[in-house]
Amino acid sequence: MERLREKSRVEGRSLNDAAVAALASGLGAARDDGWRSLGFLVSVPPERAYDPAEFAKLRAATGACLSGFMEALDWVRGEP
Amino acid sequence: MSVTVVDSSAILRLCFAEGDLSLAEQAMQGVAAVSELAAVELPSAIHARCHRGELTEVQAARLVALAQSFLGTTARIAVSRTVLREAASVAQQQIVCARDAIHLGTAVVTARQQRRRGATTRFCTADGRQLAVARALFGDDRVGFVPPYR
Numbered sequence: 297m298e299r300l301r302e303k304s305r306v307e308g309r310s311l312n313d314a315a316v317a318a319l320a321s322g323l324g325a326a327r328d329d330g331w332r333s334l335g336f337l338v339s340v341p342p343e344r345a346y347d348p349a350e351f352a353k354l355r356a357a358t359g360a361c362l363s364g365f366m367e368a369l370d371w372v373r374g375e376p
Numbered sequence: 027m028s029v030t031v032v033d034s035s036a037i038l039r040l041c042f043a044e045g046d047l048s049l050a051e052q053a054m055q056g057v058a059a060v061s062e063l064a065a066v067e068l069p070s071a072i073h074a075r076c077h078r079g080e081l082t083e084v085q086a087a088r089l090v091a092l093a094q095s096f097l098g099t100t101a102r103i104a105v106s107r108t109v110l111r112e113a114a115s116v117a118q119q120q121i122v123c124a125r126d127a128i129h130l131g132t133a134v135v136t137a138r139q140q141r142r143r144g145a146t147t148r149f150c151t152a153d154g155r156q157l158a159v160a161r162a163l164f165g166d167d168r169v170g171f172v173p174p175y176r
């Protein structure tokens, strides 16, 4: 409880918020790096922390040419 | 801790490692927030290339999974009535397409909410046209641009 109070004080969030973050962390949710400060704006919370090395492996595993997607996005957005 | 609202263009660059990623990587190390709209834009951009015969269906499926996995590391912001209202307000102030306005409206709403908590918000994009509007709205120091080449 004292650790929760300390965490709440240091992070400038309510005791309830700190407790929810600790529970979520214990249940294997993403490391809480402050996204909870976005509160009601968030429709889908992050499921895990960003790991550049993990994504480098995933990119390599796609076996696809990974260039030219900006043009595809421009097309999606209806831009010439 | 500051929040960075990341446009789909920057997510796409980061996802597929196109261009100089240092700024986008930096944004992802902090609190990265993305409009829910990205969940449609990213797969659409990938499937478009598949429909044009530039990717196989298997490759497209793998890339969509990669993009979704990437989005899974961000906080998705709802396209709420407040965001839509703000997007319309952005479009009233600047020449901007509707999708860009939604991403920028998302950033405006986020910045307002974070300001109440005494925190700052940044915006990160790889879209040159959106960049000018974002700088006009937030100021040069609050907007990061992901350039196309290393």
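Quick mapping for you: the protein sequence lines, in order, are chains A and B.
In terms of the numbering used here, the first sequence is numbered consecutively and its last residue is 376.
In terms of the numbering used here, the second sequence is numbered consecutively and its last residue is 176.
Heads up, the beta-carbon is just placed ideally off N, CA and C, and yes, glycines get one too.
- Taking a contact to require three or more Cβ pairs closer than 8 Å, the stretch 153 to 165 of chain B and the stretch 37 to 48 of chain B do not qualify as touching.
- Under a criterion of Cβ atoms nearer than 9 Å, the residues of chain B adjacent to residue 337/A are, in order, 59, 101, 103, 104, 106, 108, 109, 132, 135, 136, 139.
- Shown here, residue 61/B sits in a strand according to DSSP, grouped into three states.
- Secondary structure of residue 101/B (DSSP, three-state): strand.
- By the criterion of at least three beta-carbon pairs nearer than 8 Å, the stretch 61 to 80 of chain B is in contact with the stretch 126 to 144 of chain B.
- Excluding its 5 nearest sequence neighbours in each direction, residue 109/B has C-beta neighbours in its own chain below 8 Å: 61, 103, 128, 131, 132, 135, listed in chain order.
- For residue 88/B, a Cβ of chain A is located within less than 7 Å of the residue's own Cβ.
- Proximity of chain B to residue 354/A at the Cβ level (cut-off 9 Å) is accounted for by 88, 91, 92, 95, 96, in chain order.
- The beta carbon of residue 369/A falls within 7 Å of a beta carbon belonging to chain B, placing the residue at that interface.
- Looking at the DSSP output, residue 30/B shares a beta bridge with 58/B, 148/B.
- When rounded, the separation of the alpha-carbon atoms in residue 146/B and residue 79/B is 43 Å.
- A contact between stretches requires three or more CB pairs, one per stretch, nearer than 8 Å, and the stretch 343 to 362 of chain A meets this requirement with the stretch 90 to 104 of chain B.
- For residue 122/B, no alpha helix (DSSP H) segment is defined, and its DSSP state is neither H nor E.
- Interface criterion not met: the Cβ of residue 311/A is under 7 Å from no Cβ in chain B.
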